[in-house]
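Below is one structure, written out as structure tokens; the observations come after it.
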Amino acid sequence: MTAWKRNTNGLQRAAQQKAERTKQRAEETIARFIRERRPITFKGVAQAAQISTAWLYANEDIKERIIHLRSQQAPKAQMAVPAREQASNASKERMIAALQKRVKEQAAEIRELKRQLEVVYGQLTKQ
């Protein structure tokens, strides 16, 4: 038998080109996010560049760059709820009391329906 020497140079070259294009897409996406002042996250970059997050984490220099840029971003300020939308303690207590009353009423209704059901079952067994 003859041992064929496999020519994998073309495959290796194609894989290397694909990796370079993927890295370029990631770099361009990060640069665009910086220009647009968008938050830089692994998920955001992966979605925008159509790359898996696993690839981003596996590529050390991209991973370090995203982590570094993410740490430089200002933390999101907590959005303050307008005063007119904030429920006061008194209104919260009223809502809780109303809900508790409703639960008690429904429990009483359930008890009454169960009692009525027992009566009907009793009448059916007498027949």
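Going letter by letter, the sequence shown gives residues 1001 to 1127 in our numbering. We put the CB at the ideal spot given by N, CA and C, even for glycine.
DSSP places R1006 in the coil class of the three-state scheme, outside both helix and strand.
I1034 is classed as exposed because its beta carbon has fewer than 16 other beta carbons within 10 Å across all chains shown. Assigned with DSSP and collapsed to three states, S1091 falls in helix.
When W1004, F1042 and A1048 are compared, the shortest CA-CA separation from R1065 is found for F1042.
Under the DSSP assignment, S1071 falls in the alpha helix (DSSP H) whose first and last residues are E1060 to Q1072. For I1051, the CB contacts under 7 Å within the same chain, skipping 5 residues up- and downstream, are T1022, R1025 and A1026 in chain order.
Membership of Q1047 in the alpha helix (DSSP H) is indicated by the continuous run F1042 to A1049. In terms of Cα proximity to E1020, the closest of W1055, A1107 and A1031 is W1055. In the three-state reduction of the DSSP assignment, R1111 falls in the helix class. As the crow flies, the alpha-carbon of L1011 is around 10 Å from that of K1018. The alpha-carbon separation between R1102 and E1118 amounts to approximately 24 Å.
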